[in-house]
Every structure is written in C-alpha cells, then in structure tokens.
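Peer 1:
In structure tokens form, the structure reads like this:
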C-alpha cells in the first residue's frame, strides 16, 4: 500500500505537476488543490491547478482561485498528475480520465470509498474527514511551511467537508489541525462569514421552491425534496446554490435519511444522500452506481422523476427497516 512518505518522495522528485480534482468541485476539492498547489510552487515546482468545471462563486474568496485552469486538461507540459478528492475515473471530467492511460506519474489522494484509479500512487484514507486533512499531514511530513494563503484553503476544505465540524467522522485530530491553522494566522471568522453569511438572494429563492416539494415517508424517518430545471429557470439559481438544501431535510426531528433530487438535464437527476446515525448511505448510493461516505453520499439517476423517486425511496425504506 502506498504511504504518505511514498507520495512525498514522488512529489519531491517531480518538476512539473498538474493538480486536479473531481467534477462539480466542492470546498474540500478546491481548497485542497489550491493549498497543495501554492505550497508546491513555493518549493520551486512548476504547478498547474485545474478544474473540469467552473468554480462556484461561493469560493471566490480563496487565495489563488483565479489561477484555476477551467475545462479540459491544459496543453502545457507536465510529468506528474496529482488527483485529489476523487478515486473514481468517471468523476474526473472530460479529458482528465483519458490522461490515466498516458505515460504520466499518477498520484491519487482521497478519503472516499471507491475502486481507486488502478495505477500509480494511491493513498485513500476513509477515516479522514476531509482531503484537506490529508494534504495538511502531507505538507507537514514533507516539512513544507504552510503559508496563510495555503492555510485559508486548508481550513476551508476541512470546514466544508465536516459540516463545520458537526459530522461523526470528526475527531480530536481534526480539531488539532484546524487549531494549528488558526495559530498560523488563518482568519477563521472571516472564512465562516464568506461561506455562510454571504448567500446570494437566488439561493433563498431556490430554497423556497424546494421546500414546497418537501415529502416525508409515512414513518417520518425519510425526507426528500426536489429541484427541477423549471425551478432553476424561474429563480435564476444554479446548481451551486443547492449544495446545502439536503441538510434542511436532515434537520427535521425524527428523520434519519435525507434526500435531494436535483435535475441536471432533461430526465437526469443528481441525488444527494445524508443520514444521521444509523444508515450507511454509501451502500445505498452504491446500488445506483454512486458512492461517497457512510453519512454523506450521492449518485446520478435517469428516467421519469416519479419512478426515480419511488425507486430510491424504496431502497431507503429497506435500508431503514434493516436498522430498526
């Protein structure tokens, strides 16, 4: 099994590096790519930071975010590819999956359950609450100074993927890493303000529309909402404005499984799954070709909305029954 020491040695030997993550990047993906990229540049490495999809406006405050190459892989020369927060080839995005078949040194760092990329250096720690935690440990292992700019990105990565330290995969080491970042001068309060208290008005409009669709199972243990293309057109909202909607379902007393059905194209739905204490939603997502974590996972489904909902809710009820 690849160790962080192995990865650190491979990075030290690299001269030109492409760092990327998954499609529809979130705070952990973006913050981890930026933190590692800025830190390796400070070591004198040639670094390209790339994202297959645009960066959500929510993360415009991140240091270095304007440096992202957006879209298909850049044509620049690079010898090593570091892939963060993704170990499923299909989630790398157009053009990036194809790079795996070429003659590059591949380094994969992730914390999701998954099959892995099948080549190169693979380090997957499913006990980590965020990839930002692993990147923090890697930089410390390599004895690389973490700048305030890199620290802001790491703190954002950890905060967003732990639900502000609320999820049950958070432990004392998670808080210790965050404390060390704050000690470096990372402005925690300003990051929270940017993440949670600067919402665009359209995010409330789409929330209002979604709440009208709120449905609970007869036993009150499963709750779900839906966002359609028509709602996006009506409100002017985008997918990034729905990132936390599933948590409104989860916040209901008595609910164990929360689901958001978001239409991403005609007849295609991105499903977000959350659970509180009992159900492994990663296993639930696996049944539909998806995955993630025990308490947070997702998948994509196609078909008639009613049939999609009935199919997923049926499996959720089965999962719930197995825990009673």
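Residue numbers (our numbering): 3 to 326.
Note that beta-carbon positions come from the ideal geometry of N, C-alpha and C, so glycine has one too.
Since this is a predicted model, take the numbers as computed values, not measurements.
To the nearest angstrom, report how far apart residue 326 and residue 240 are at their CA atoms.
Peer 2: Along the chain shown, read from residue 1 onward, the residue named residue 326 stands at position 324. Along the chain shown, read from residue 1 onward, the residue named residue 240 stands at position 238. Any answer about residue 326 is weak, because its pLDDT of 49 lies below 50 and its placement is not dependable; what the coordinates show is given next. Their Cα atoms are separated by approximately 38 angstroms.
Peer 1: For residue 286, which of 262, 4, 267 and 314 has the nearest alpha-carbon?
Peer 2: For the purposes of this step, residue 286 is identified with residue 284 of the chain shown, where counting begins at 1. Here the closest residue by C-alpha is 314.
Peer 1: With DSSP run on the structure shown, which of helix, strand or coil describes residue 238?
Peer 2: Translated into positions along the chain shown, residue 238 becomes position 236. Of the three classes helix, strand and coil, the one that applies to residue 238 here is coil, per DSSP.
Peer 1: State whether the stretch 165-182 contacts the stretch 57-71, with contact taken as three or more CB pairs (one from each stretch) at a distance under 8 angstroms.
Peer 2: These segments do not touch.
Peer 1: Starting from the Cα of residue 166, find the closest Cα among 34, 147, 132 and 152 and give me that residue.
Peer 2: To locate residue 166, count along the chain shown from 1; it is residue 164. Checking every option, the nearest Cα to that of residue 166 belongs to 132.
Peer 1: Taking the straight line between their C-alpha atoms, what separation do you get for residue 148 and residue 101?
Peer 2: Here residue 148 is taken as the residue at index 146 of the chain shown, counted from 1. Here residue 101 is taken as the residue at index 99 of the chain shown, counted from 1. Looking at the two C-alpha atoms, the distance is approximately 30 angstroms.
Peer 1: Comparing C-alpha positions only, which one of 277, 254 and 269 sits nearest to residue 169?
Peer 2: As a position in the chain shown, residue 169 is number 167, starting the count at 1. When each option's Cα is compared against that of residue 169, the closest is 277.
Peer 1: For the candidate residues 103, 90, 262 and 143, whose alpha-carbon lies nearest to that of residue 115?
Peer 2: The residue labelled residue 115 in the question sits at position 113 within the chain shown. Among 103, 90, 262 and 143, the Cα nearest to that of residue 115 is on 90.
Peer 1: Would you mind working out which of 242, 27, 221 and 126 sits nearest residue 319, comparing C-alpha positions?
Peer 2: In the chain shown, residue 319 corresponds to position 317, counting from 1. The shortest Cα separation from residue 319 among 242, 27, 221 and 126 belongs to 221.
Peer 1: Let me know if residue 274 comes out buried or exposed under the rule of 16 or more other beta-carbons within 10 Å of its beta-carbon.
Peer 2: Along the chain shown, one-based indexing puts residue 274 at 272. Answer is buried; the Cβ neighbour count reaches 16.
Peer 1: Where residue 50 and residue 8 are concerned, what is the direct C-alpha to C-alpha distance, given to the nearest angstrom?
Peer 2: The residue given as residue 50 occupies position 48 in the chain shown. The residue given as residue 8 occupies position 6 in the chain shown. One C-alpha to the other measures close to 22 angstroms.
Peer 1: Report yes if the C-beta distance between residue 26 and residue 62 is below 7 angstroms; otherwise report no.
Peer 2: In the chain shown, residue 26 corresponds to position 24, counting from 1. In the chain shown, residue 62 corresponds to position 60, counting from 1. For residue 26 and residue 62, no; Cβs fall outside 7 angstroms.
Peer 1: How long is the line joining the alpha carbons of residue 20 and residue 80, rounded to whole angstroms?
Peer 2: On the chain shown, residue 20 is found 18 positions in, with the first residue counted as 1. On the chain shown, residue 80 is found 78 positions in, with the first residue counted as 1. Cα to Cα, residue 20 sits roughly 6 angstroms from residue 80.
Peer 1: Where do the N-terminal and C-terminal ends of the beta strand (DSSP E) with residue 272 fall, by residue?
Peer 2: As a working mapping, residue 272 is identified with position 270 in the chain shown. Its beta strand (DSSP E) spans residues 270-277.
Peer 1: Name the residue from 213, 226 and 223 whose alpha carbon lies nearest to the alpha carbon of residue 233.
Peer 2: The count along the chain shown starts at 1 and reaches residue 233 at position 231. Among 213, 226 and 223, the Cα nearest to that of residue 233 is on 213.
Peer 1: Less than 6 angstroms between the CB of residue 186 and some heavy atom of the ligand FMN, yes or no?
Peer 2: The ligand FMN is absent from the structure shown, which contains no ligand whatsoever.
Peer 1: Have a look at residue 118 and residue 281 and give me their C-alpha separation to the nearest angstrom.
Peer 2: The residue you call residue 118 lines up with position 116 of the chain shown. The residue you call residue 281 lines up with position 279 of the chain shown. So the alpha carbons of these two residues sit roughly 24 angstroms apart.
Peer 1: Which of the three DSSP states, helix, strand or coil, is assigned to residue 233?
Peer 2: Here residue 233 corresponds to residue number 231 of the chain shown, with the count starting at 1. Residue 233: helix per DSSP, three-state reduction.
Peer 1: What runs of the alpha helix (DSSP H), each 4 residues or longer, lie entirely inside the stretch 188-235?
Peer 2: With a minimum length of 4 residues, the continuous alpha helix (DSSP H) runs that stay inside the stretch 188-235 are 190-198 and 203-213.
Peer 1: Leaving out five residues before and five after residue 124 in sequence, what residues of the same chain have Cβ atoms less than 6 angstroms from its Cβ?
Peer 2: Residue 124 sits at position 122 when you count from the first residue of the chain shown. Only 4, 110 and 118 meet the Cβ criterion.
Peer 1: Determine the burial state of residue 284: buried for a count of at least 16 other Cβ atoms within 10 Å of its Cβ, exposed for fewer.
Peer 2: Translated into positions along the chain shown, residue 284 becomes position 282. Classification for residue 284: buried.
Peer 1: Run through the stretch 14-57 for me and flag every whole beta strand (DSSP E) of 3 or more residues, listed as ranges in chain order.
Peer 2: Listed in chain order, they are 18-22 and 48-53.
Peer 1: Drop a sphere of 10 angstroms on the beta-carbon of residue 34, count the other beta-carbons inside from all chains shown, and report buried for 16 or more, exposed for fewer.
Peer 2: Position 32 of the chain shown, counted from the start, is the residue given in the question as residue 34. Label assigned to residue 34: buried.
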